[in-house]
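Residue numbers (UniProt numbering): 1 to 56.
Contents: one structure, followed by commentary.
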């Protein structure tokens, strides 16, 4: 998710990212609300793993 990477790139903490996403009304990937630190962490790690696997 572009918005999560953008916020993470700005140096926001996982908690801060989840608070921004909730305030903006962004649904979680599974459509469940609200965002939490674990949602953000999981999404970032999944995206990182996908990028690494595509680089190999």
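For each residue, glycine too, the CB sits at the ideal point set by N, CA and C.
Under the rule that a run must span 4 or more residues, the alpha helix (DSSP H) segments found entirely inside the UniProt domain "Recombinase" (9-47) read 14-23. Taking a C-beta distance under 9 Å as the contact criterion, residue 4 and residue 17 qualify as a contact pair. Classified as buried, residue 39 has 16 or more neighbouring CB atoms from the shown chains inside 10 Å of its CB. Straight-line measurement puts the Cα of residue 32 at about 18 Å from the Cα of residue 46.
In this structure, residue 21 sits near residue 7, with a CB-CB distance shorter than 9 Å.
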